[in-house]
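Participant: In terms of my numbering, the sequence shown opens at residue 290 and continues consecutively. Every residue, glycine too, gets a C-beta built ideally from N, C-alpha and C. Computed from a predicted model, the values in this text were never measured in an experiment.
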Amino acid sequence: MSGGAGKGGGKGGPGSGKNSSGRGSGARELGVRLKTARGRTHSSQLWLERQLNDPYVARAKREGRRSRAIYKLIEIDEKARLLKPGQRVLDLGAAPGGWSQLAAEITDSINGRGKVVAIDLLPIDPLPGVDFVQMDFMDDAAPERLREMLGGPADLVLSDMAANTVGHRATDHLRIVALVEAAAYFAVEVLSPGGAFLAKVFQGGTEGDILTLLKRDFAVVKHIKPAASRAGSSEIYVLATGFRGRKEPTPD
Ligand SMILES: C[S@@+](CC[C@H](N)C(=O)[O-])C[C@H]1O[C@@H](n2cnc3c(N)ncnc32)[C@H](O)[C@@H]1O
290 MSGGAGKGGG KGGPGSGKNS SGRGSGAREL GVRLKTARGR THSSQLWLER
340 QLNDPYVARA KREGRRSRAI YKLIEIDEKA RLLKPGQRVL DLGAAPGGWS
390 QLAAEITDSI NGRGKVVAID LLPIDPLPGV DFVQMDFMDD AAPERLREML
440 GGPADLVLSD MAANTVGHRA TDHLRIVALV EAAAYFAVEV LSPGGAFLAK
490 VFQGGTEGDI LTLLKRDFAV VKHIKPAASR AGSSEIYVLA TGFRGRKEPT
540 PD
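1. To which residues of the same chain is Gly521 closer than 6 Å at the C-beta, ignoring the five residues directly before and after it?
2. Looking at C-alpha atoms only, which residue of Gln376, Lys536, Asp428 is the closest neighbour of Val245?
3. Got a sec? Which residues, its chain only, sit under 6 Å from Val527 by beta carbon, not counting five neighbours each side?
4. Could you check where the alpha helix (DSSP H) with Gly484 kicks off and where it finishes?
5. Check whether the Cβ of Gly382 lies closer than 7 Å to any heavy atom of ligand 1, and answer yes or no.
6. Rounded to a whole number of angstroms, what is the C-alpha to C-alpha distance between Ile499 and Gly328?
7. Who does Gln423 pair with in a DSSP beta bridge?
8. Is Thr396 buried or exposed, if buried means 16 or more other CB atoms sit within 10 Å of its CB?
9. What are the partner residues of Asp380, as DSSP defines its beta bridges?
10. In whole angstroms, what is the alpha-carbon distance linking Val346 and Asp414?
11. Thr330 to Ser481, Cα distance in whole Å?
12. Look at the alpha carbon of Thr530 and the alpha carbon of Phe486, and state the distance between them as a whole number of angstroms.
13. For His457, which of helix, strand or coil comes out of DSSP?
14. Would you check whether ligand 1 has a heavy atom nearer than 7 Å to the C-beta of Pro415?
15. Which runs of the beta strand (DSSP E) fall wholly inside the stretch 348–401 and span at least 3 residues, in chain order?
16. Please tell me whether, using a cut-off of 7 Å, the distance from the CB of Leu337 to the nearest non-hydrogen atom of ligand 1 is below it.
17. State yes or no: is the C-beta of Ile365 nearer than 7 Å to some heavy atom of ligand 1?
18. Gly531 lies in the beta strand (DSSP E); which residues open and close that run?
19. Going straight from the alpha carbon of Ala393 to that of Pro344, what length do you get?
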């Protein structure tokens, strides 16, 4: 499953003629150039042009999805079959809510089956079937709060968290690693046996201690680059499935 990503129009992508309900997603809407950059920085100009030319952004708008990010989870889920009705799912870094939206639909938490708990630094508009808290996941109080909201062991822990970059390579790398590490350590505390963990990591994949932890505690660990991941972006995802269960501390 690792690798295999292409640019925007991969299998099931916006150019494939298939949408999340399998019909009628049509042409790419490419080629918008902004006439004026007055008042915009160069990077915000590039961002805006990329948004306007991104077929997944257009598709998300058409299909009433909260974000283009949802198509990454749809693609991963189509291959790995992570989401199932009745599950308890935790979504870390959920705003604006695409992944939570999909999780609520498939778990059926919308109809009171299963549970989807989500956290983000930013607010989200309320989503049916999603219990959301606006909070820093790195806050000392976050684990307890999330545990309370879950009300029991999770079947799936998702993390699409991305730290704000400051432009200093080493600092940015440390911040990214710290987030993934915290997500992985929390996942092994709240998952039930057989559960899964999916997290955004960046170039180079999962390294060092996190990889050791995941390989010890999960039956299978893979890296995935979904087609909906922006071309040129260094993001990839680590997927760990078949959680072996918590190791009870051994008495001295
Ligand atoms: C790429 S977006 C997530 C998109 C989301 N999966 C979706 O489908 O709409 C990454 C999110 O991670 C959040 N984030 C980054 N650091 C965080 C932290 N320490 N605690 C909570 N959320 C965090 C950001 O605020 C941002 O909304």
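Facilitator: According to the data block:
1. none
2. Since the first residue shown for the chain is 290 and the last is 541, residue 245 is missing from the structure and cannot be characterised.
3. Ala488, Val490, Thr495, His512
4. No alpha helix (DSSP H) contains Gly484, which is instead part of the beta strand (DSSP E) from 480–491.
5. yes
6. 43 Å
7. Asp409
8. Buried, since its Cβ has 16 or more Cβ neighbours within 10 Å.
9. Ala407, Leu447
10. Between the C-alpha atoms of Val346 and Asp414 there is a straight-line separation of about 18 Å.
11. 47 Å
12. 6 Å
13. coil
14. no
15. 377–381
16. no
17. Ile365 Cβ: outside cutoff for every heavy atom of ligand 1.
18. 524–532
19. 24 Å
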